[in-house]
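K.L.:
Residues in the sequence shown are numbered consecutively from 2, following our numbering.
In this text, a Cβ means the ideal position worked out from N, Cα and C, and glycines have one as well.
If you scroll down you'll find the structure; I have some questions about it.
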Amino acid sequence: MSKTSRPAFSRNDLFRRLNAPYRVVFIDDESLEEVASYRLTMRQLYIVMSTGLVVSLLVIVTLLLLTPLKYYIPGYGNDKARMQVIKLKQNVDSLSDLVAAQNAYEENIRKVITGETPVKRDTAMLDVKQVRKEAMNSLLPMPEIKKDVIQTIKQENRKAKKNKKQNGQS
């Protein structure tokens with residue numbers, strides 16, 4: 002039990018493994034002839050792969066930005082096409098409004114022909130006294146509101162009288 006436990010990977014072990022040389026050999030399967038041989042460390046392999054990834058990303062981004070391939074990206078378009086889309090949307094909106102107005106017009110014509118249209122009262126046919134009475138009724142409060150107000154006033158008066166009696170007696 003005198004053995005001390007070491008962590009699985011210490012820094013020294015990690016640096017030793019990164020710097021340890023490895024040989025990568027490419028062999029032809031048919032003739033078993035060595036085609037290529039490379040001596041690499043893990044650090045060199047990491048650097049080569051990272052550099053390759055960055056270079057390939059730069060090439061792809063450059064191709065997309067500097068060639069017409071960018072128009073195949075969803076949501077990306079030129080200003081000319083965007084303006085055409087806006088104009089077409091405006092045309093569709095105005096045409097749909099026009100169709101709605103024409104449908105309403107046709108419906109009104111159909112109602113007039115079938116006699117479904119309610120006849121509006123002519124102002125010359127109205128009784129002057131009736132018009133004045135309706136105008137006055139619209140200004141005056143409704144009877145239900147009057148009753149509610151009268152009841153609340155009566156209740157407040159009763160409470161005030163009770164308070165006076167209680168204050169006078171004490």
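Rounded to a whole number of angstroms, what is the C-alpha to C-alpha distance between residue 159 and residue 128?
P.N.:
Counted from its first residue, the sequence shown places residue 159 at position 158. Counted from its first residue, the sequence shown places residue 128 at position 127. Cα to Cα, the separation comes out at about 46 Å.
K.L.:
What's the C-alpha gap between residue 84 and residue 54?
P.N.:
On the sequence shown, position 83 is the one that residue 84 refers to. On the sequence shown, position 53 is the one that residue 54 refers to. Their backbone Cα atoms lie some 38 Å apart in a straight line.
K.L.:
In the DSSP assignment, what are the bridge partners of residue 22?
P.N.:
As a first step, residue 22 is located in the sequence shown; it is residue number 21 there, counting from the start. DSSP output for residue 22 lists 42 as bridge partner(s).
K.L.:
Does the count of Cβ pairs from the region 19-39 and the region 55-65 closer than 8 Å reach three?
P.N.:
no
K.L.:
Tell me whether the beta-carbon of residue 22 lies closer than 8 Å to the beta-carbon of residue 42.
P.N.:
Locating residue 22 in the sequence shown gives position 21, where the first residue counts as 1. Locating residue 42 in the sequence shown gives position 41, where the first residue counts as 1. Against a cut-off of 8 Å, the Cβ pair of residue 42 and residue 22 comes out as a contact.
K.L.:
Considering just the uninterrupted stretch of the alpha helix (DSSP H) at residue 114, what are its terminal residues?
P.N.:
Translated into positions along the sequence shown, residue 114 becomes position 113. Note, residue 114: alpha helix (DSSP H), 80-115.
K.L.:
For residue 77, I'd like the list of residues in its chain whose CB is within less than 8 Å of its CB, leaving aside the five on either flank, ordered along the chain.
P.N.:
Counting from one through the sequence shown, the residue named residue 77 turns up at place 76. So the list reads 71, once near-sequence residues are dropped.
K.L.:
So, with DSSP's three-state summary, where would you put residue 145?
P.N.:
Position 144 of the sequence shown holds residue 145. It is helical.
K.L.:
Taking DSSP as the reference, what is the three-state secondary structure of residue 35?
P.N.:
If you number the sequence shown from 1, residue 35 lands on position 34. Reduced to three states, the DSSP call for residue 35 is strand.
K.L.:
For a test of the three-state rule: what should DSSP assign to residue 28, helix, strand or coil?
P.N.:
By 1-based counting over the sequence shown, the position of residue 28 is 27. Note: residue 28 maps to strand in three-state DSSP.
K.L.:
With distances taken between CB atoms, is the gap from residue 40 to residue 24 smaller than 8 Å?
P.N.:
Indexing the sequence shown from 1 puts residue 40 at position 39. Indexing the sequence shown from 1 puts residue 24 at position 23. The Cβ atoms of residue 40 and residue 24 sit closer than 8 Å to each other.
K.L.:
Go ahead and pull the three-state DSSP assignment for residue 53.
P.N.:
As a working note, residue 53 is residue 52 in the sequence shown. Residue state, collapsed to three classes: helix.
K.L.:
For residue 15 and residue 51, what's the separation of their Cα atoms in angstroms?
P.N.:
To locate residue 15, count along the sequence shown from 1; it is residue 14. To locate residue 51, count along the sequence shown from 1; it is residue 50. When rounded, the distance between both Cα atoms is 19 Å.
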